[in-house]
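Chains as they are written, first to last, in my numbering: chain L, 1 to 290; chain V, 291 to 538. Scroll down for the structure; my scribbles are underneath it.
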């Protein structure tokens, strides 16, 4: 039982990290809290479904097209909506949340609800590890999360664009004096965030089915992970995912499955009370020290 | 090289810069001397184009209304409406006041971020020159910039501006908060990069004493208006400057 619980806790952590990483990237770099994040997630999943079942494209191609389209949608949202209200945090939240709501509810309105809306798994196999059965898709998610996190780290530390992202995240006006175009970088941050949501959707959705509710669920999960970890901190996202991931699985196994949601929300409240900037809200800490 | 004609900058109805004009020839070191709130930083922001970005951001935010009148000419071209990133590409680089650095990144990484427009080997080359100007920085290259002292951060800030390979370097209060010894090191470095690299420099400062011997010409600003101009030596011997800035 213990090996199984630990195994599924790791998988759960990987899923949480994958869902939160895009939201965190967008917020950390452009300062935009993208509340349409869940809608992008669901949109990408429906996109793949439609491309497979309506356009009859092969699965891998459908995934690639859907991810690119979602990335583009993020860029368009920045270019036509967010740019006009940038800097008014409340308006940003209302606008992105409104866009997210309308996209999700449109899917519901057009009847995209039901068990047939599901995506195929990449590999249909399962393994016995210790005393627990695990399917290949779940193991793939873990591998994917690890690879994606490493890739993002390399991107932000060794490429021109990645370094510019980190410059803007730390001090926007100073970054301007080195020739960066802040709107271009912010647009990319929003679109990369949407792209990461799409990537997360295409690997995670095969475990269940696609529904508009999933959008709200993903947004809440991403928010919880980011707030506990410290908004804008990539290290925080990883730690928070592991903390929540393990806490959820262990309560599920040893206390009762109906307590799992409470555990993560309680953790959220606890962190907000004790350390409102999150576990790794270090940007602020450094500032105070200077 | 650079010409400012009749600059007027308003923040809402407050006048920060009032009919300010200046000319800068290639290879000069120009000082802009003035006390707090004289309009030095506004002038630097107007020359570097930051004010345009500030104006756009404030407008989106529904905040302060910023109005700019007058013209800025660079190499004979009117650049008054160019955004800051275009001006950087033309060779006008500003180092902002209060040692702007990226506190979360190491010293070496700060250079990499600053070199956004440059190739890796160019960055390395300039970094070597910066380390020769400021040897202390080399031993601190792995430390987070946020943990450097004020003087070290100022050295880093100047070094970062150099990585962009400026033709015209704008330094906004580079001596702010530095000890006399550190002030001298920074002024020596400014002289060196002007002589050996041929970079034209405009620096704004309220401490006239270490600045006046170094600059070719100076502009004295008060309440956004030009009150006095002349060579460094002329300004140094001016009784009004002596009274206001040297306390003699």
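From the three backbone atoms N, C-alpha and C, an ideal C-beta is built for every residue, glycine too. These numbers were taken from a predicted model, which means no experiment stands behind them.
Leaving aside the five residues before and after residue i along the sequence, list all residues of the same chain whose C-beta is less than 7 Å from its C-beta, in chain order.
i, result
"residue 67(L)", "44, 195, 198, 199 and 202"
"residue 165(L)", "29, 156, 185 and 189"
"residue 339(V)", "372, 373, 374 and 377"
"residue 488(V)", "317"
"residue 49(L)", "117, 119 and 210"
"residue 235(L)", "280"
"residue 180(L)", "164, 167 and 168"
"residue 237(L)", "17, 20, 21, 24, 225, 226 and 229"
"residue 270(L)", "none"
"residue 266(L)", "none"
Beta-carbon of residue i versus every beta-carbon of chain V: anything under 9 Å?
i, result
"residue 85(L)", "yes"
"residue 76(L)", "no"
"residue 299(L)", "Outside the shown range of chain L (1 to 290) lies residue 299(L), about which nothing can therefore be said."
"residue 180(L)", "yes"
"residue 79(L)", "no"
"residue 187(L)", "no"
"residue 292(L)", "Since the first and last residues shown for chain L are 1 and 290, residue 292(L) lies out of range."
"residue 137(L)", "no"
As a quick exercise: from the options, pick the residue whose alpha carbon is nearest that of residue i.
i, options, result
"residue 273(L)", "260(L), 132(L), 21(L) and 228(L)", "228(L)"
"residue 207(L)", "276(L), 220(L), 141(L) and 47(L)", "141(L)"
"residue 309(V)", "316(V), 318(V), 315(V) and 297(V)", "297(V)"
"residue 127(L)", "236(L), 4(L), 212(L) and 170(L)", "4(L)"
"residue 400(V)", "369(V), 428(V), 380(V) and 422(V)", "428(V)"
"residue 409(V)", "351(V), 518(V), 455(V) and 343(V)", "455(V)"
"residue 167(L)", "393(V), 314(V), 322(V) and 526(V)", "393(V)"
"residue 483(V)", "424(V), 325(V) and 348(V)", "424(V)"
"residue 24(L)", "219(L), 159(L), 232(L) and 76(L)", "232(L)"
"residue 177(L)", "323(V), 315(V), 360(V) and 389(V)", "389(V)"
"residue 33(L)", "95(L), 52(L) and 57(L)", "95(L)"
"residue 416(V)", "332(V), 481(V), 451(V) and 499(V)", "451(V)"
"residue 498(V)", "480(V), 465(V) and 472(V)", "465(V)"
"residue 291(L)", "46(L), 31(L) and 162(L)", "No statement about residue 291(L) is possible, as the shown extent of chain L runs from 1 to 290 and does not include it."
"residue 504(V)", "479(V), 528(V) and 518(V)", "479(V)"
"residue 436(V)", "370(V), 398(V) and 368(V)", "398(V)"
"residue 358(V)", "529(V), 533(V) and 300(V)", "300(V)"
"residue 85(L)", "349(V), 433(V), 379(V) and 391(V)", "349(V)"
Using beta carbons (cut-off 9 Å, strictly below), is residue i in contact with chain L?
i, result
"residue 385(V)", "yes"
"residue 378(V)", "yes"
"residue 530(V)", "no"
"residue 402(V)", "yes"
"residue 405(V)", "yes"
"residue 311(V)", "no"
"residue 451(V)", "yes"
"residue 391(V)", "yes"
"residue 464(V)", "no"
"residue 394(V)", "yes"
"residue 399(V)", "yes"
"residue 374(V)", "yes"
"residue 299(V)", "no"
"residue 476(V)", "no"
"residue 314(V)", "no"
"residue 420(V)", "no"
"residue 416(V)", "no"
"residue 322(V)", "no"
Rounded C-beta distance between residue i and residue j? I'm assuming under 8 Å.
i, j, result
"residue 516(V)", "residue 460(V)", "Not quite, the Cβ-Cβ distance comes to about 17 Å (not below 8 Å), so this is no contact."
"residue 7(L)", "residue 132(L)", "6 Å"
"residue 2(L)", "residue 244(L)", "So it is not a contact: roughly 19 Å between Cβ atoms."
"residue 319(V)", "residue 476(V)", "13 Å between Cβ atoms; not a contact."
"residue 403(V)", "residue 396(V)", "Incorrect: roughly 10 Å between the Cβ atoms, too far for contact."
"residue 100(L)", "residue 20(L)", "Not a contact, Cβ separation roughly 16 Å."
"residue 335(V)", "residue 496(V)", "The pair is not a contact, with the Cβ atoms about 17 Å apart (cut-off 8 Å)."
"residue 501(V)", "residue 342(V)", "That belief does not hold up - the Cβ atoms of residue 501(V) and residue 342(V) are roughly 28 Å apart, past 8 Å."
"residue 191(L)", "residue 78(L)", "7 Å"
Going by beta carbon distance, what residues of the same chain come within less than 6 Å of residue i, once the five residues before and after it are set aside?
i, result
"residue 329(V)", "306, 307, 511 and 514"
"residue 449(V)", "420"
"residue 241(L)", "13, 16, 17 and 225"
"residue 108(L)", "212"
"residue 81(L)", "95"
"residue 453(V)", "401, 404, 405, 413 and 416"
Can you find the residues in the same chain that come closer than 8 Å, C-beta to C-beta, to residue i, ignoring five residues on each side of it along the sequence?
i, result
"residue 468(V)", "440, 441, 444 and 476"
"residue 337(V)", "292, 294, 362, 382, 384, 460 and 492"
"residue 506(V)", "318, 319, 320, 521 and 522"
"residue 63(L)", "48 and 202"
"residue 125(L)", "135 and 136"
Tell me whether residue i counts as near the ligand ZN, meaning its Cβ is closer than 8 Å to at least one heavy atom of that ligand.
i, result
"residue 42(L)", "Absence of the ligand ZN from the depicted structure is noted, as is the absence of any ligand whatsoever, leaving it without description."
Review point. Between the segment 142-168 of chain L and chain V, which residues of the former have CB atoms less than 7 Å from a CB of the latter, in chain order?
Key: 160, 163, 164, 166 and 167
Check your understanding: Residues in the segment 331-362 of chain V with C-beta within 7 Å of chain L's C-beta atoms, listed in sequence order?
Key -> 338, 340, 343, 347, 350, 351 and 352
Exercise for review: Pull out every residue of the segment 481-510 of chain V whose Cβ sits closer than 7 Å to any Cβ of chain L, in chain order.
Suggested key: Residues passing the 7 Å Cβ filter: none.
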